[in-house]
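Per full-length UniProt numbering, the very first residue in the sequence shown carries number 1; after that it's consecutive.
Notes follow once the structure below has been shown.
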Amino acid sequence: MAEQTDDAGRGGSLTAVQSPEEAEGQRRFDAIIAEDSRIEPRDWMPEAYRKSLTRQMSQHAHSEIIGMQPEANWITRAPSLKRKSILMAKVQDEAGHGLYLYSATETLGTGRDTLNDQLLTGRAKYSSIFNYPARTWADMGAIGWLVDGAAIANQVPLCRASYGPYGRAMVRICKEESFHQRQGFEILLELSRGTEAQRTMAQDAINRFYAPALMMFGPSDTDSPNSQQSMAWNIKRFSNDDLRQRFVGMIVEQVKVLGLTLPDPELRFDEESGQWKHRDLDWAEFKRVVSGGGPCNAQRMARRREAHEEGAWVREAAAAYARRQQAEKEQVA
Ligand code: FAQ
Numbered sequence: 001m002a003e004q005t006d007d008a009g010r011g012g013s014l015t016a017v018q019s020p021e022e023a024e025g026q027r028r029f030d031a032i033i034a035e036d037s038r039i040e041p042r043d044w045m046p047e048a049y050r051k052s053l054t055r056q057m058s059q060h061a062h063s064e065i066i067g068m069q070p071e072a073n074w075i076t077r078a079p080s081l082k083r084k085s086i087l088m089a090k091v092q093d094e095a096g097h098g099l100y101l102y103s104a105t106e107t108l109g110t111g112r113d114t115l116n117d118q119l120l121t122g123r124a125k126y127s128s129i130f131n132y133p134a135r136t137w138a139d140m141g142a143i144g145w146l147v148d149g150a151a152i153a154n155q156v157p158l159c160r161a162s163y164g165p166y167g168r169a170m171v172r173i174c175k176e177e178s179f180h181q182r183q184g185f186e187i188l189l190e191l192s193r194g195t196e197a198q199r200t201m202a203q204d205a206i207n208r209f210y211a212p213a214l215m216m217f218g219p220s221d222t223d224s225p226n227s228q229q230s231m232a233w234n235i236k237r238f239s240n241d242d243l244r245q246r247f248v249g250m251i252v253e254q255v256k257v258l259g260l261t262l263p264d265p266e267l268r269f270d271e272e273s274g275q276w277k278h279r280d281l282d283w284a285e286f287k288r289v290v291s292g293g294g295p296c297n298a299q300r301m302a303r304r305r306e307a308h309e310e311g312a313w314v315r316e317a318a319a320a321y322a323r324r325q326q327a328e329k330e331q332v333a
């Protein structure tokens, strides 16, 4: 046995006693990482790398699946047929993202049933942002602009993640997220140019989603146990705080086009670092939401369990069909 890690895959090869095969695998792994190339499923990889990627990728997949709920809730109430079909397509895209990511995670050796079980039993995390309610139509705009916007800022660097299946899945996901962000911005733009009530609704949505969207980037660098190792392995390319700052720099310009404001009286451009500095985030709230105490955690999980149970017949039918196909193939052979 070569490695010592905790459940999340932290720790690892430094304390390892490796067999000659493992030592050779480690040497090749280190060389691939050093030349910024890609690890593929067939390659030897340290157990800690496998575990940490499984953790991050499955949490990401769960986020896409749970993330369908706040918007799906608005499909029947979208203000026009055009808006309804766009929103439906977006929610369907998020389902697709979840599926690519579960498939990519499965290449690391953990099956879909296990991953799903971890979500349904509350052992796996998903993004904090989806535990906030979507109260008005303007929230569809704020989610598209701020939530998908934060997702893109976080995920574009992941297109270069050292694990091949993850990086490749991210390329397609990011293209679709860009469309999502634009549709969100466009909803807000239309509202901001509408009646006073519509403008107020758009500003209110931004006010509620600004801080939770910034929290999507994860805890501050001083409180992020996984970042350092993930960056050494070329999974993450930038720290949580760096990406958060970049994102703030982007939205600070975009909000001017909307003629609205970000709810952050401390927001200022810092000449020295060349970055926009935002106010301190409420990390106690973040911890509460991540550990199940957010406004919608219970509702989101209850709905996911219900949907899983309701989908049992589809899984059974698919398995029966696959068995029949296999039997027919064997008869022909
Ligand atoms: N919420 O040491 P770090 C989307 C956890 S986008 C909940 O900094 P790491 C698109 C973290 O997992 C949203 N938990 O961790 C969409 C870790 O827990 P663990 C999903 C969080 O991994 C849009 C612990 O805190 N995007 O779905 C959060 O280095 C609209 C310590 O944190 C991704 O997952 C959080 N916000 O960095 C869909 C992107 N932040 O496992 C529908 C890929 C941290 O040690 C509608 N993931 N935690 O127990 C990542 O880039 C990273 O995993 C981070 C966290 C940046 C999220």
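Ideal Cβ positions, reconstructed from N, Cα and C, are used throughout, including at glycine.
Just so we're clear, the structure is a prediction, and the values are computed from it rather than from any experiment.
| Item | Value |
| --- | --- |
| For Ala153 and Gln275, the rounded distance between their alpha carbons | 15 Å |
| Per-residue DSSP class, three states only, for Tyr126 | coil |
| Bridge partner(s) assigned by DSSP for Tyr163 | Ile39 |
| Residues near Gln245 by beta carbon distance below 7 Å, same chain, minus five either side | Gln275, Trp276 |
| Near the ligand FAQ: Arg160 beta-carbon under 8 Å from a heavy atom | no |
| Proximity test, Val171 beta-carbon vs the ligand FAQ heavy atom, cut-off 8 Å | no |
| Any non-hydrogen atom of the ligand FAQ closer than 8 Å to Glu186 Cβ | no |
| Where Asp93 falls, given that 16 or more other Cβ within 10 Å makes a residue buried | buried |
| Rounded C-alpha distance that separates Asn207 from Leu146 | 11 Å |
| Simplified DSSP state of Arg268, which is helix, strand or coil | strand |
| Alpha-carbon to alpha-carbon, Ile65 and Arg305 | 12 Å |
| Cα-Cα separation, Glu3 to Val255 | Model confidence at Glu3 stands at a pLDDT of 46, short of 50, so the residue's coordinates are unreliable and nothing is read from them. |
| Trp276 - containing alpha helix (DSSP H), residue span | Counting along the chain, Trp276 falls outside any alpha helix (DSSP H), though it belongs to the beta strand (DSSP E) covering 275-277. |
| Ordered list of alpha helix (DSSP H) runs contained in the region 28-115, each at least 4 residues | 47-66, 68-72, 81-106 |
| Contacting residues, own chain, Cβ-Cβ under 8 Å from Gly167 (five flanking each side not counted) | Arg38, Leu158, Cys159, Arg160, Ala161 |
| Unbroken alpha helix (DSSP H) run spanning Ser230, endpoints | 227-232 |
| Top-ranked residue by Cα proximity to Arg50, from Gly249, Ser85, Gly109 | Gly109 |
| Distance, Gly259 Cα to Thr200 Cα | 12 Å |
| Short Cβ contact (9 Å threshold) for Asp148 with Pro70 | no |
| Where Thr121 sits in the DSSP three-state scheme | coil |
| Check: Gly218 C-beta below 8 Å from any heavy atom of the ligand FAQ | yes |
| Endpoints, the alpha helix (DSSP H) within which Met216 is located | Where Met216 is concerned, there is no enclosing alpha helix (DSSP H), given that its DSSP letter is neither H nor E. |
| Residues of its chain near Pro212, where Cβ-Cβ distance is below 6 Å and the 5 sequence neighbours each way are ignored | Ile129, Tyr132 |
| Under 9 Å between C-beta atoms of Glu176 and Gly96 | yes |
| Neighbourhood of Trp74 by C-beta, 8 Å cutoff - its chain only, sequence neighbours within 5 removed | Leu87, Ala134, Trp137, Asp139, Met140 |
| Selected residue, minimal CA-CA separation from Trp44, among Ile32, Arg55, Thr54 | Ile32 |
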